[in-house]
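Read through the structure below, which is laid out as structure tokens, and then see the notes.
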Amino acid sequence: MKNFIKANTVLLISFILVFSTSAVIADNKEAIEISSITKNIISNINKPKILQTNALFEDSFEAYEDFSIDFQPWTNIDVDGELTWGHSAFNFTHENEAYAFLIFNPLACDPPQEDPELLAHTGDKYTVCWAVQNTLQNDDWLITPQLEPNNFGTVSFWAKSYSDQYNIERIEVGVSTTDTDPTSFTIISSAPYIEPPTEWTKYSYNLDSYDDQSIYIGIHCVSYDSWFLMVDDFMVSEGDSAICCDGSLSWEDVPPGTTVSDTFEICNCGDNGTILNWQFESAPNWPGAVFEIEPDSGQGLQEGECVTITVNVTAPTNKTEEFIGKIKIINSDDTSNFCEIDVYLKTPRSKITYNSLIQRLIEKFPKLNHIIGYFIGK
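Sequential numbering of the sequence shown, starting at 12, is according to my numbering.
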């Protein structure tokens with residue numbers, strides 16, 4: 012009888028171990044198969060592709076006569092009508108006269124100037140707007156010729172303040188669809204104005220909303236008690252900015268409620284000279300999950316440039332479950348232009364040890380405790 016009990020006890024325990032091991036193996040096999048499929052899906056992501064196009068209008072101001080204040084096809088409008096300042100270290104034509112913008116060549120000054128702060132962004136020349144003498148408030152326009160209807164992409168230029176000894180320069184960028192009258196311009200730059208630093212800095216603005224229209228583009232100098240504004244390498248390009256994403260997000264065995272993190276990139280894969288304004292639109296709607304995107308928007312991403320996005324996810328509340336979804340990022344200027352990042356997360360199965368399984372059986376069948384105790388000599 013004792014041998015019979017021992018044999019059946021061994022059989023029972025063996026059955027428990029075999030059943031539990033089989034379940035674990037089956038679950039692991041399923042997880043491996045799912046993981047393999049998921050990795051194949053996630054790895055199928057296109058890398059950024061950079062497109063090229065030509066400028067519709069560009070000017071580095073090299074072709075104009077030194078110190079000219081009337082350099083067509085540009086239109087200069089001196090709204091303030093005041094006399095301008097000059098510089099005590101050198102002289103130049105039209106110094107201290109009333110004008111809006113002037114073609115400046117430091118090497119043609121008297122005496123010639125080689126101060127690094129006076130050098131052009133490219134070449135020898137650029138255009139400048141000097142501070143006014145009386146009211147101290149500039150109101151001067153530099154306006155492009157009329158640009159024929161086209162698939163406009165962006166307008167860009169380089170600008171700097173000569174010095175911060177006085178106030179930093181201030182400018183606005185505007186677009187007119189009618190004429191060169193200053194009141195016809197809609198300001199497209201950030202309010203209240205741009206303040207170029209004392210280093211050459213590139214500024215770019217999207218023109219998508221002006222596609223297929225004739226336009227004028229103006230730089231409006233609104234400096235107050237400054238010295239002089241420097242502008243170089245002006246360009247209007249065609250084409251559209253395009254958004255693309257690079258990367259994927261994948262986490263396995265994440266306990267419910269635990270926070271995990273990873274990153275991906277957003278890139279401007281648009282035409283040469285374009286800029287991209289973008290924003291986060293949506294994330295997977297998993298039960299109990301919380302997504303945090305940092306940053307969740309951005310502006311002024313140049314063609315070929317990328318920005319790294321950090322994603323923090325609080326895992327869903329469901330246990331032993333696989334979650335698949337997408338994060339969607341859109342082009343703020345064209346919501347039909349978007350990219351998506353594949354997201355995968357798996358919460359672990361409930362871990363039940365052999366001891367806890369036997370304990371549950373003993374709780375359900377109390378006599379089993381006596382049988383096992385007899386078997387192990389208790």
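Cβ coordinates follow ideal geometry from the N, Cα and C atoms, glycine included. Owing to the predicted nature of the structure, the values given are computational and were not obtained by experimental measurement.
Is residue i helix, strand or coil by DSSP?
i: P127; result: helix
i: A109; result: strand
i: T331; result: coil
i: A119; result: helix
i: E210; result: coil
i: E73; result: coil
i: T86; result: strand
i: E374; result: helix
i: Y221; result: helix
i: T325; result: strand
i: S404; result: Residue numbering for the chain in the displayed model covers 12 to 389; residue 404 lies beyond these limits and cannot be assessed.
i: I80; result: coil
Between residue i and residue j, what straight-line distance do the alpha-carbon atoms span, to the nearest angstrom?
i: S187; j: A66; result: 20 angstroms
i: P203; j: L153; result: 18 angstroms
i: S99; j: W238; result: 12 angstroms
i: E128; j: T270; result: 50 angstroms
i: F245; j: L113; result: 15 angstroms
i: V301; j: R360; result: 21 angstroms
i: C256; j: N348; result: 12 angstroms
i: P377; j: A326; result: 39 angstroms
i: V242; j: S252; result: 24 angstroms
i: W169; j: S248; result: 15 angstroms
i: D70; j: V90; result: 24 angstroms
i: S172; j: T346; result: 36 angstroms
i: S220; j: S259; result: 32 angstroms
i: T189; j: G315; result: 34 angstroms
Could you work out which residue in the options is closest to residue i when comparing CA atoms only?
i: I393; options: D282, T269 and T270; result: Here the chain covers residues 12 to 389 and nothing more, so residue 393 does not appear.
i: E292; options: N342, F275, N102 and W262; result: N342
i: S195; options: P266, H231 and I335; result: H231
i: D222; options: T358, F103, A74 and N162; result: N162
i: I335; options: I182, I320, I352 and P123; result: I352
i: E333; options: T212, D264 and P122; result: D264
i: I340; options: L287, Y214, T189 and N149; result: L287
Residue j and residue i - do their beta-carbons sit closer together than 8 angstroms?
i: K337; j: P298; result: no
i: Q144; j: W96; result: yes
i: V318; j: G311; result: no
i: F82; j: T155; result: no
i: G229; j: G185; result: yes
i: S174; j: T133; result: no
i: Y216; j: I199; result: yes
i: Y177; j: F72; result: no
i: D77; j: N116; result: yes
Length-filtered (3 minimum) beta strand (DSSP E) runs lying within the segment 229-296:
239-249, 254-257, 260-262, 270-279 and 286-293
So within the segment 153-191, which uninterrupted beta strand (DSSP E) runs reach at least 3 residues, ignoring any that extend past its ends?
Those beta strand (DSSP E) runs which fall completely within the segment 153-191 and span 3+ residues are 163-172 and 182-187.
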